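What follows is a short report on a single structure.
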Amino acid sequence: MQLNVLDKMFNMDHEQVVFCNDKKTGLKAIIAIHNTNLGPALGGTRMWNYKSEIEAFDDVLRLSRGMSLKASISGLNLGGGKAVIIGDAKKDKSKILMKRFGDFVESLNGKYITAEDVGITTKDMEYVRSQTKHVTGIPENMGGSGDPSPVTAYGVYMGIKASAFFKWNNDNLEEKTVFVQGVGKVGQYLVKYLKNEGARVFINDIDEEKMQDVATKYQVEIAPKNIFDLNIDIFSPCALGAVLNPKLISKLKCKIIAGGANNQLENEKRDSLLLSKRNIIFAPDFLINAGGLINVYSELKGKSIKDSMKQTEEIYNTTLEIFERAKINDITSYEASLDIAEQRIYSKQA
Ligand code: NAD
């Protein structure tokens, strides 16, 4: 098993993986530092009830690599990292556990900077912060940049508009049909942008109550069960990852996929190729959902929200560049974005 773990780490080219264990508090965590060529590795801490340690390990490797790519393609001087705490956030979390986790983050001397992610609250981050200053995404009332979701949604909106321009030579979304899957923090802000522009928006969410609330608040339609059999223009995955698999791709009738969820392709190479063969435009997730990271970076650099919105707006141009590059080189948009991101990371190697 140990060899397997090391193989996985080497295959995805991670710099360092730290296993954190503390019997007293019950803390079991993994911090993965994918790459620090461009700067300190930044990425949130997720607490999740993983089925196994290996599942947690795979998740942290994938997510931390995604952070390296996201920072690189957005032109930020940051590396990629991520942490996972193994356990049920509702039952296993405690103040002393979060503080202990903070000690482990501190032991890395700023090589890894953490933030909130799934299963972690602002209060938890306060405990982490009592042990280390290497924390970002601090609430506005504590002088930080606050919730990054509105900026993330703005970037996704830019990515959708750029995709529309590439497809129809016109980025106006009025009367275009858009399906937003998942109306959590990012999805809801996105719905607002789309609705303001006059798009016809369909939504769904496994949280029935939230879905009804968003439908009423923004006057949008709840998607029918057979939404993927319908001729919608744009599919925007804003829930969890790995939604795009061969089965779904074979039945999709949309022209564009552009959403906020991380790691949307179940298998990057296979599924991006399948989408390309079906002539469906795919806006790479790590590119268009980078607004939140841009916002956090601004916080670190002491810049304003206005600066982060301006930089996030650039996602429009970068998305178009990626599509053009993919077309010229006859590769998928995913491969084109990966090339650019990796080139910047590895050309900086000491
Ligand atoms: P969130 O937890 O607020 O929202 C996710 C929503 O998806 C929830 O309402 C949940 O009920 C719903 N959902 C889960 N599974 C679903 C399914 N199968 N079908 C329909 N709905 C489903 O999370 P968020 O912050 O809005 O993030 C959404 C996605 O965007 C995640 O993949 C996250 O990793 C990614 N992301 C978020 C940010 C950010 O700034 N918040 C930044 C980059 C990427």
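By the working numbering, the letter at position 40 of the sequence shown is numbered 41, and the numbering carries on one by one without gaps.
Note that the Cβ used here is the ideal one computed from N, Cα and C, for glycine as well.
Computed from a predicted structure; not experimentally measured.
Report yes if the C-beta distance between Thr-26 and Ile-97 is below 8 Å; otherwise report no. Their beta carbons are under 8 Å apart, which means Thr-26 touches Ile-97 by this criterion.
Distance check for Phe-283 and Ser-277, CA to CA, integer angstroms please. If you draw a straight line from the Cα of Ser-277 to the Cα of Phe-283, it is about 8 Å long.
Coil, strand or helix - Gly-81 by DSSP: Strand, per DSSP.
For the ligand NAD, any of its heavy atoms closer than 7 Å to the Cβ of Leu-241? Yes.
Work out the CA separation of Gly-183 and Lys-144 for me, nearest whole Å. Position check: residue 144 holds Gly in this sequence, whereas Lys was assumed. Roughly 30 Å separates the two Cα atoms.
Flag this pair as touching only if the region 178-196 and the region 208-226 have three or more C-beta atom pairs under 8 Å; answer yes or no. The region 178-196 vs the region 208-226: in contact.
Are Asn-296 and Ser-305 touching if we call contact CB-CB under 8 Å? Taking 8 Å as the Cβ cut-off, Asn-296 and Ser-305 do not qualify as a contacting pair.
Does the structure place the region 268-277 close enough to the region 49-67 that three or more beta carbon pairs sit under 8 Å? No contact exists between the region 49-67 and the region 268-277.
Any heavy atom of the ligand NAD closer than 7 Å to the beta-carbon of Lys-218? Because no heavy atom of the ligand NAD lies under 7 Å away, the Cβ of Lys-218 does not count as near it: no.
Taking all protein chains shown into account, decide if Phe-111 is buried (16 or more other Cβ within 10 angstroms of its Cβ) or exposed. The question names Phe, but residue 111 is Gly in the sequence shown. Note on Gly-111: under 16 other CB atoms within 10 angstroms of its CB, so exposed under the neighbour-count rule.
Inter-residue spacing [alpha-carbon to alpha-carbon] between Asp-286 and Asp-234: Rounded to the nearest angstrom, the two C-alpha atoms are 18 Å apart.
Let me check you understand the geometry: is the CB of Gln-1 closer than 7 Å to at least one non-hydrogen atom of the ligand NAD? Residue 1 falls outside the range modelled here, since the chain spans only 2 to 351, and no answer is possible.
Same chain, Cβ closer than 8 Å to Glu-176, neighbours up to 5 away in sequence not counted: Contacts found: Gly-199, Ala-200 and Arg-201.
For Glu-336, which option in Val-19, Asn-318 and Ile-323 has the closest C-alpha, if you only look at C-alpha atoms? Comparing Cα positions, the closest option is Ile-323.
With 16 other CB atoms within 10 Å as the buried threshold, where does Thr-122 fall? Under this definition Thr-122 is an exposed residue.
Measuring alpha carbon to alpha carbon, tell me which residue in Phe-166, Leu-77, Lys-186 and Tyr-158 is nearest Val-119. Ranking Phe-166, Leu-77, Lys-186 and Tyr-158 by Cα distance to Val-119 puts Lys-186 first.
Is it the case that the CB of Pro-247 approaches a heavy atom of the ligand NAD more closely than 7 Å? No - the ligand NAD has no heavy atom lying nearer than 7 Å to the Cβ of Pro-247.
Please list the terminal residues of the continuous beta strand (DSSP E) segment that includes Ile-235. For Ile-235, the uninterrupted beta strand (DSSP E) segment begins and ends at 235-238.
Per-residue burial, Asp-206 [other beta carbons within 10 Å of its own, 16 or more giving buried]: So Asp-206 ends up on the buried side.
Whole-angstrom C-beta distance between Glu-54 and Ile-87, which should lie under 8 Å: Going by Cβ atoms, the distance from Ile-87 to Glu-54 rounds to 7 Å, so yes, they are a contact pair.
Determine the direct distance from the alpha carbon of Leu-64 to that of Ala-369, and round the result to whole angstroms. Only positions 2 to 351 of the chain appear in the structure, and residue 369 is not among them; the question remains open.
Three-state secondary structure assigned by DSSP to Arg-47: In the three-state scheme derived from DSSP, where H, G and I count as helix and E and B as strand, Arg-47 is classed as strand.
Val-187: beta carbon under 7 Å from a heavy atom of the ligand NAD? Yes - the ligand NAD has a heavy atom lying nearer than 7 Å to the Cβ of Val-187.
What does the alpha-carbon distance come out to for the pair Ala-291 and Asn-22? Taking the straight line from one Cα to the other gives about 31 Å.
Indicate, with yes or no, if the ligand NAD has a heavy atom lying under 7 Å from the CB of Pro-225. No, the beta carbon of Pro-225 sits no closer than 7 Å to any heavy atom of the ligand NAD.
Tell whether a beta-carbon distance below 8 Å holds between Leu-253 and Ile-281. Ile-281 is positioned such that its CB atom lies closer than 8 Å to that of Leu-253.
Apart from the five residues just before and just after Leu-77, which ones in its own chain have a Cβ nearer than 6 Å to its Cβ? In the same chain as Leu-77, and ignoring 5 residues on each side of it, the C-beta atoms closer than 6 Å to its own belong to Tyr-298, in chain order.
Does the Cβ of Leu-245 have 16 or more other Cβ atoms within 10 Å, making it buried, or fewer, making it exposed? Leu-245 should be labelled buried.
Three-state secondary structure (DSSP) at Asp-172? Of the three classes helix, strand and coil, the one that applies to Asp-172 here is coil, per DSSP.
For Val-192, which three-state DSSP category applies? Looking at Val-192 - three-state DSSP - the assignment turns out to be helix.
Ile-303 classed as buried or exposed, judged by whether at least 16 other C-beta atoms fall within 10 angstroms: Reading off the sequence, residue 303 comes out as Gly, not Ile. Burial call: exposed.
May I ask whether a heavy atom of the ligand NAD can be found less than 7 Å away from the beta carbon of Thr-153? At least one heavy atom of the ligand NAD is found less than 7 Å from the C-beta of Thr-153.
Assign Gln-265 to buried or exposed, taking buried as 16 or more other Cβ atoms, counted over all protein chains shown, within 10 Å of its Cβ. By the beta-carbon neighbour count (other beta carbons within 10 angstroms, threshold 16), Gln-265 is buried.
Rank Thr-115, Leu-231 and Gln-132 by C-alpha distance to the C-alpha of Lys-256 and give the top, closest one. The alpha carbon of Lys-256 has as its nearest neighbour, out of Thr-115, Leu-231 and Gln-132, the alpha carbon of Leu-231.
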